[in-house]
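Structure first, commentary second.
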Amino acid sequence: EAGVTQSPTHLIKTRGQQATLRCSPISGHTSVYWYQQALGLGLQFLLWYDEGEERNRGNFPPRFSGRQFPNYSSELNVNALELEDSALYLCAGLAGGPGEQYFGPGTRLTVT
Amino acid sequence: GENVEQHPSTLSVQEGDSAVIKCTYSDSASNYFPWYKQELGKRPQLIIDIRSNVGEKKDQRIAVTLNKTAKHFSLHITETQPEDSAVYFCAASLPNFGNEKLTFGTGTRLTIIP
């Protein structure tokens, strides 16, 4: 069974640009969560999508947005990039048992 | 919202000894408490979890204890091995339509000294 996949692996953007990150959960997982992990820091909850709808969002500005597609894959968009947006962005899918989240390998976003 | 504090931030343990990482949470309604292990350059992986209806859970060398009254839970690793070296994150979740939002602790970097 394929695991959670994310693309691209690395992304380099300049300040003010937009970034698009993608995630495909494990087959059968309908929920996708996005987290930001800044260097040396913990995991900060960004967004939660389930059945195509945004269900919850963390304490991030509106320039962080996303969507979930009918096949349950998801896209995270970050507009008007700032230097402090540089981080590892992880997505996770919800397994059959409530609460167990399977993480993807992450996309490392660097803003210069 | 929920707030999770994790201590210590770094921990060095001699191989074979035990390691204990502690977390406290703020919302007494939280009912799901997973622990994730993140090795260097890799994704976080669930190693053990506990729900609020039990006080302790064990899986081989790893155990988690939960004290709902005090609102804290702990990860215990016995007979530590070099491969246990990693960053460990605790998390807590409120019972709202399942576990749609995990609040993570800030992580503990565990180093096993050979």
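Sequence lines, in order, name chains H and L. One point on numbering: in my numbering, the residue at position 98 of the first sequence is 755, and numbering is uninterrupted. One point on numbering: in my numbering, the residue at position 69 of the second sequence is 1088, and numbering is uninterrupted. Each residue gets a CB set at the ideal place from its N, CA and C atoms; glycine is no exception. Please read these numbers as outputs of a predicted model, since none were measured by experiment.
Against chain H, the CB of Y1044(L) has no partner CB under 8 Å away; the residue lies outside that interface. Scanning H1091(L), N1050(L), A1082(L) and I1096(L) for the CA closest to the CA of L1121(L) turns up N1050(L).
For a Cβ distance threshold of 7 Å, nothing in chain H lies close to L1085(L): the least Cβ distance comes to about 14 Å.
For V768(H), the closest of P665(H), A676(H) and Q663(H) by C-alpha to C-alpha distance is A676(H). Here L747(H) is near F760(H), since their CB atoms are less than 8 Å apart. For A676(H), the enclosing beta strand (DSSP E) begins and ends at A676 to S681. I1131(L) is positioned such that its CB atom lies closer than 8 Å to that of V1032(L). No Cβ-Cβ contact shorter than 8 Å links L733(H) with R765(H).
In this model, T1029(L) and P727(H) are separated by some 42 Å (Cα to Cα).
Fully enclosed beta strand (DSSP E) runs of no fewer than 3 residues occupy 688-694, 700-707, 710-714, 721-725 and 731-735 of the stretch 679-750 of chain H, in order along the chain. By the Cβ-count criterion, R672(H) is exposed, with fewer than 16 other Cβ atoms from all chains shown falling within 10 Å of its own Cβ.
The C-beta distance from Y706(H) to S684(H) rounds to 16 Å, too long to meet the 8 Å contact threshold. When DSSP states are grouped into helix, strand and coil, D1103(L) belongs to the helix group. Using beta-carbon distances, L1129(L) does not count as an interface residue toward chain H, since no partner is under 8 Å. Within a 10 Å sphere around the beta-carbon of D1036(L) sit fewer than 16 other beta-carbons, which makes this residue exposed.
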